[in-house]
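Enquirer: Just so we're aligned: the sequence shown equals residues 1 to 250 in the UniProt record's numbering.
We put the CB at the ideal spot given by N, CA and C, even for glycine.
This structure is in structure tokens; I'll ask about it shortly.
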Amino acid sequence: MRFAAIADIHGNCAALEAVLTDIGQQGIPTNAIVNLGDCLSGPLEAGRTAELLLSLDLPTVRGNHDRYLVEHAEGAMHSWEADAFRQLTPEHLDWLKTLPFSLVWHADVYLCHATPKDDQTYWLEVVKPDGSVCLKPRAEIEALAEGVSQPLILCGHSHLPRAVRLSDGRLIVNPGSVGCPAYDDDTPYYHRVEAGTPLASYAICEKKDGDWAVTFRLVPYDHMSQSRLAGENGRPSWEAGLATGWLADQ
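Right, dumping it as structure tokens:
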């Protein structure tokens with residue numbers, strides 16, 4: 001089995017199109033792509049991204065930002081959702097409502113956005129009180145994997161490409177973010193997540209001799225067009241992150 005995993009598109013249709021092209025060039029068909037959620041939120045091209053995703057009909061799980069778009073009242077949305085919501089049709093919102101929290105794909109692969117029980121918690125990373133973002137201790141990672149029997153586990157949410165082997169041999173993979181390489185957040189402490197590159201990230205997973213091999217791919221695209229769009233929409237942190245993979249004061 002060989003397939004591609006994408007996550008955290010965040011309305012960046014240009015990055016998504018580049019990743020889809022690269023996936024095709026690796027000989028992977030569209031029906032062998034899975035999507036780990038957070039599809040549309042952000043100040044970019046949510047409507048265009050939604051149209052493309054609906055046409056692809058990928059196996060997709062719901063991210064926390066997908067949930068916010070359908071659960072939060074329009075006037076009470078965070079800026080990421082408010083920017084996207086204005087571009088979405090009832091059909092787009094109905095699609096978000098149908099997305100499952102988690103999914104088992106081809107029996108061997110477990111999909112979720114963040115963790116099996118919570119769509120807002122980093123699975124593989126921990127945020128320390130000083131704001132540093134580090135690899136979580138393996139025991140804590142394994143505790144979150146209790147009850148998941150699949151040998152390959154996929155998650156997103158942190159936007160950082162990473163793979164962790166559990167003590168029983170299971171493998172957890174985060175493919176990184178297609179469309180948002182840098183952001184900040186204040187939960188549980190103020191912190192920044194910065195990929196350090198504006199390239200679009202995804203992962204190829206391949207079962208070889210009974211085990212899983214993982215290749216992370218970073219794909220160039222016209223990221224400056226999206227940076228300019230974020231600036232035009234009044235989102236300077238997005239503008240900086242899309243231009244460089246770092247936030248503004250780096």
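Would you list, in sequence order, the uninterrupted beta strand (DSSP E) runs of no fewer than 3 residues that lie entirely inside the stretch 82-137?
Expert: 102-105, 109-112, 125-127 and 133-135
Enquirer: What number of angstroms, rounded off, separates the C-alpha of Ala107 from the C-alpha of Arg228?
Expert: 42 Å
Enquirer: Would you kindly report the start and end of the unbroken beta strand (DSSP E) that includes Cys205?
Expert: Ala200 to Lys208
Enquirer: Which residues share a DSSP beta bridge with Glu194?
Expert: Partner(s): Ala182.
Enquirer: So within the stretch 17-76, which uninterrupted beta strand (DSSP E) runs reach at least 3 residues, ignoring any that extend past its ends?
Expert: Counting whole runs of 3 or more residues, the stretch 17-76 contains the beta strand (DSSP E) stretches 33-35.
Enquirer: If I measure Cβ to Cβ from Gln26 and keep anything under 7 Å in the same chain, skipping five residues before and after, which residues do I get?
Expert: Ile204
Enquirer: Identify every residue that forms a DSSP beta bridge with Leu171.
Expert: Leu152 and Arg165
Enquirer: What does DSSP give as the partner residues of Trp212 in its beta bridges?
Expert: Residue pairing by DSSP places Trp212 opposite Lys207 in a beta bridge.
Enquirer: Alpha carbon to alpha carbon, what distance is there between Val148 and Arg2?
Expert: 21 Å
Enquirer: Between Leu20 and Thr60, how many whole angstroms is the CB-CB distance? I'm expecting something under 8 Å.
Expert: So it is not a contact: roughly 14 Å between Cβ atoms.
Enquirer: Output the boundary residues of the beta strand (DSSP E) element that contains Ala145.
Expert: Per DSSP, Ala145 belongs to no beta strand (DSSP E) and is neither H nor E.
Enquirer: Inspect the beta-carbon positions of Ala182 and Ile172 and report whether they are closer than 9 Å.
Expert: no
Enquirer: Hey, how far is the Cα of Glu232 from the Cα of Gly179?
Expert: 17 Å
Enquirer: Nearest to Cys39 by CA position, among Ala32, Asn31 and Leu58, is which residue?
Expert: Leu58
Enquirer: In the DSSP assignment, what are the bridge partners of Leu160?
Expert: Bridge partners of Leu160: none, in fact.
Enquirer: DSSP three-state label for Arg235, please.
Expert: coil
Enquirer: Mapping the DSSP letters down to three states, classify Leu229 as helix, strand or coil.
Expert: helix
Enquirer: Should His159 go down as buried or exposed, given a rule of 16 or more other Cβ atoms within 10 Å for buried?
Expert: buried
Enquirer: When we look at the beta-carbon of Tyr202 and count the other beta-carbons within 10 Å, is it buried (16 or more) or exposed?
Expert: buried
Enquirer: Comparing alpha-carbon positions, which option in Ala4, Ala15, Asp8 and Lys207 lies nearest Gln226?
Expert: Ala15
Enquirer: Ordered along the chain, which non-local residues of its own chain (more than five positions away) have a Cβ less than 7 Å from that of Leu124?
Expert: Leu135, Lys136, Ile141, Ser158, Arg162, Val164, Ile172 and Asn174
Enquirer: Quick check: what's the CA-CA separation for Glu17 versus His223?
Expert: 12 Å
Enquirer: Quick check: the Cα distance between Val127 and Ala230, rounded to an integer number of angstroms?
Expert: The alpha-carbon atoms of Val127 and Ala230 are separated by roughly 27 Å.
Enquirer: Run the CB neighbour count on His10, radius 10 Å, all protein chains shown included, and call it buried at 16 or more, exposed below.
Expert: buried
Enquirer: Among Gly245, Gly47 and His65, which has the Cα closest to the Cα of Glu91?
Expert: Gly47
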